[in-house]
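Numbering (the working numbering), first residue to last: 2 to 555.
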């Protein structure tokens with residue numbers, strides 16, 4: 002077999018089950034080899050969509066994501082999705098053909114491009130090292146990195162091995178990598194630091210835990226520790242849903258926090274970030290950290306400790322492992338901490354955004370985005386996975402759409418790119434086929450990624466696609482408009498998005514008032530044999546406070 006075929010076979014042997022991509026001559030053989038060895042291939046309509054689908058798939062499945070692209074322009078088209086994945090430390094392999102001759106019109110420095118966005122560039126160097134190179138890429142990705150595995154065109158066609166027979170040495174390499182991929186790396190034992198954290202919690206009267214991406218696997222351990230310490234529970238946006246069902250769940254910490262959640266987080270005397278960066282988003286530029294709050298950070302990566310805010314105590318280790326060690330180090334019976342019957346009543350009645358009173362902000366022919374999203378939350382089944390794009394609208398689905406658990410919210414916002422939402426929803430849907438996929442998009446992001454509507458239809462995904470249409474790039478309108486700047490560069494004439502969606506083969510409804518959502522209920526009650534696009538013409542004269550947070554960070 003040739004090198005390209007061998008690499009595809011090795012990755013399939015390592016457990017790659019799904020590959021997303023756009024196939025050209027430079028990635029034709031490796032993609033076909035993956036499929037021939039049992040992987041599912043999901044064809045996207047643009048490499049940017051393919052990369053984002055693979056990113057979302059990896060996030061929601063817990064498996065290594067794979068995207069396959071052509072050399073040169075195939076990779077450049079995928080770069081925004083690659084940057085998002087790298088910034089999020091998504092375990093992802095980008096298989097890219099590589100032109101190595103400088104005179105080729107496809108030639109670019111693909112290594113430099115990967116490094117520029119924080120990905121790890123690797124290469125299949127020869128027929129003799131192809132297995133080891135593929136295994137190394139898989140191991141690197143599995144450890145929490147986004148990897149570009151270059152497949153030089155002049156190497157791909159070289160013969161590797163003898164026919165279909167692999168050497169025993171190659172089989173052992175593949176088997177050892179498969180075994181290693183199933184082992185969780187916990188890092189050094191926390192030891193004395195776990196005891197120090199236990200003593201801090203024993204002395205706390207108002208402890209709060211904030212769990213992030215690095216704690217999505219540690220929900221049970223953190224709940225158990227919080228029960229002993231009397232702590233309230235919150236998450237970063239990417240871990241939304243982790244503590245769903247707990248009466249002490251405050252939902253998201255940061256710009257999406259409800260007023261009560263913000264009050265309680267800011268009132269903590271000990272705040273522990275578990276696998277959470279404690280960056281400007283999660284802390285509202287530090288305003289959710291009280292003047293006298295004792296701040297602790299637990300993370301597998303030593304470099305993450307204190308990277309955004311100084312901490313009193315940093316504990317290096319896997320979050321689940323550390324939580325168990327801290328619980329074992331606690332002395333005495335469980336304490337009340339922050340948990341009183343009075344506070345339980347307040348949380349039950351006020352912590353959800355839908356319980357916060359508001360005045361309708363919608364003109365004629367427009368629906369308030371809060372009213373829209375609350376109504377959708379009531380209509381959509383609980384078994385759902387919500388993916389949101391970036392933009393002025395994005396807080397509405399993040400705050401008003403509930404999710405059942407930590408796998409219910411796909412939040413690809415590390416790079417803050419508009420246009421990734423629909424592809425994210427496709428990747429999440431492939432990862433979680435037993436849930437209703439919900440894509441929440443702005444009109445700008447919907448039109449950027451609209452080619453992937455064909456992918457949704459072709460795959461037969463029973464997806465609900467909600468477009469919050471304000472006929473503008475709303476973030477810029479609300480940021481620059483009050484200062485008197487011209488806005489004609491960021492506002493647009495009306496577009497009939499429902500009609501466009503029908504052209505792709507979707508069912509569609511235009512929503513300007515609450516009664517229009519009866520069509521959504523009818524679709525949900527039916528066979529769901531094609532996706533539904535909800536074109537919501539939203540009103541509201543004010544900007545979103547969550548994006549004001551973003552502009553402060555620019």
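Think of the CB as a built atom: it goes at the ideal place given N, C-alpha and C, for glycine as much as any other residue.
- Residue 336 places its beta carbon 8 Å or farther from that of residue 269.
- Distance from the CA atom of residue 497 to the CA atom of residue 446, rounded to whole angstroms, is 15 Å.
- Considering only 102, 433 and 476, the residue with the shortest C-alpha distance to residue 464 is 433.
- Restricted to the region 47-88, the beta strand (DSSP E) segments that are unbroken, complete and at least 3 residues in length are 66-70, listed in chain order.
- Per DSSP, the unbroken beta strand (DSSP E) holding residue 151 starts and ends at 147-153.
- In the three-state scheme derived from DSSP, where H, G and I count as helix and E and B as strand, residue 249 is classed as coil.
- Residue 319 and residue 384 have their alpha carbons spaced roughly 29 Å apart.
- One Cα belongs to residue 243, the other to residue 406, and the distance between them is close to 5 Å.
- Going by beta carbons, residue 111 and residue 151 fall inside the 8 Å limit.
- Taking the C-beta atoms as reference points, residue 67 is found nearer than 8 Å to residue 96.
- Judged by DSSP secondary structure, residue 271 falls within the beta strand (DSSP E) whose first and last residues are 271-275.
- With distances taken between CA atoms, residue 529 lies nearest to 382 out of 382, 515 and 448.
- Going by DSSP, residue 407 is part of no alpha helix (DSSP H) at all; its letter is neither H nor E.
- Distance from the CA of residue 466 to the CA of residue 350, rounded to the nearest whole angstrom, comes to 30 Å.
- Residue 228 has its alpha-carbon roughly 13 Å from the corresponding atom of residue 333.
- According to the DSSP assignment, residue 264 belongs to the alpha helix (DSSP H) that extends over 260-267.
- Rounded to the nearest whole angstrom, the C-alpha separation of residue 153 and residue 30 is 13 Å.
- Segment contact: the region 371-382 against the region 275-283, fewer than three CB-CB distances shorter than 8 Å; contact not assigned.
- For residue 99, the secondary structure class from DSSP, reduced to helix, strand or coil, is strand.
- Counting the other Cβ atoms within 10 Å of the Cβ of residue 271 gives 16 or more, which makes it buried.
- Secondary structure note for residue 42: its beta strand (DSSP E) is the uninterrupted segment 41-44.
- In the DSSP assignment, residue 141 falls within the unbroken alpha helix (DSSP H) covering 131-143.
- Contact annotation, residue 259 with residue 357: C-beta distance approximately 6 Å; criterion of less than 8 Å satisfied.
- In this structure, DSSP gives residue 122 an extended state, which the three-state scheme calls strand.
- For residue 315, the uninterrupted beta strand (DSSP E) run begins and ends at 314-317, by DSSP.
- Here the C-alpha atom of residue 254 lies approximately 35 Å from the C-alpha atom of residue 22.
- Nearest in C-alpha terms to residue 439, of all of 417, 512, 533 and 418, is 533.
- Residues of the same chain with a CB within less than 8 Å of the CB of residue 141, apart from the 5 flanking positions on each side, are 121, 123 and 148 in chain order.
- Secondary structure in the region 356-386: the alpha helix (DSSP H) runs of 4 residues or longer, each lying completely within the stretch, are 370-380 in chain order.
- Following the DSSP letters along the chain, one finds residue 30 inside the alpha helix (DSSP H) bounded by residues 29-37.
- When the five nearest sequence neighbours on each side are left out, the beta carbons in the same chain lying within less than 8 Å of the beta carbon of residue 297 are those of 198, 201, 271, 272, 273, 274, 312, 313, 314, 315 and 316, in order along the chain.
- Its chain contains 317 as the residues whose beta carbon lies nearer than 7 Å to that of residue 303, once the 5 sequence neighbours on both sides are disregarded; these appear in chain order.
- According to DSSP, residue pairing for residue 492 in a beta bridge involves 473.
- Shortest Cα-Cα distance from residue 134 to any of 15, 213 and 83 involves 15.
- Here residue 110 carries a coil assignment [DSSP, helix/strand/coil].
- In the same chain as residue 398, and ignoring 5 residues on each side of it, the C-beta atoms closer than 7 Å to its own belong to 374, 387, 389 and 441, in chain order.
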